[in-house]
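Here's the structure we're looking at; comments come further down.
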Amino acid sequence: CVPDSQRSFGLGIQWIVVRTLGGIPGPIAFGSVIDISCLLWEEQCGEYGSCYLYHNSAMSQYSLIAGIIYK
420 CVPDSQRSFG
430 LGIQWIVVRT
440 LGGIPGPIAF
450 GSVIDISCLL
460 WEEQCGEYGS
470 CYLYHNSAMS
480 QYSLIAGIIY
490 K
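Here the sequence shown stands for residues 420 to 490, where the numbers follow my numbering.
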C-alpha cells in the first residue's frame, strides 16, 4: 500500500514499469515474424545477412497473430 501523499509517485513508477516491460516482447516477436517469413537469405561466409524474398501471405498471417497475442 502507498500512502495518499505518495499516490501519484506510486502510479508514475507503476506506469514506467508496465511500459518498460510491455515494450520488450513486441519488437522481439515482430522481428521473429519477419525472420520466419523469409524465403531467401543472403549468405556470405556461412552467415546469414539480409532477406531477399519474403512469403507475403505468411508474413501477413504471422503479423496478425503476433499483433493479437502481444497487444
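Glycine included, every Cβ here is placed at the ideal spot set by N, Cα and C.
- Message: Just to confirm, is the Cβ distance from Y473 to S456 under 8 Å?
- Response: yes
- Message: For a test of the three-state rule: what should DSSP assign to G468, helix, strand or coil?
- Response: strand
- Item | Cα-Cα separation between S424 and G431, rounded to whole angstroms | 13 Å
- Leaving aside the five residues before and after I447 along the sequence, list all residues of the same chain whose C-beta is less than 8 Å from its C-beta, in chain order. none
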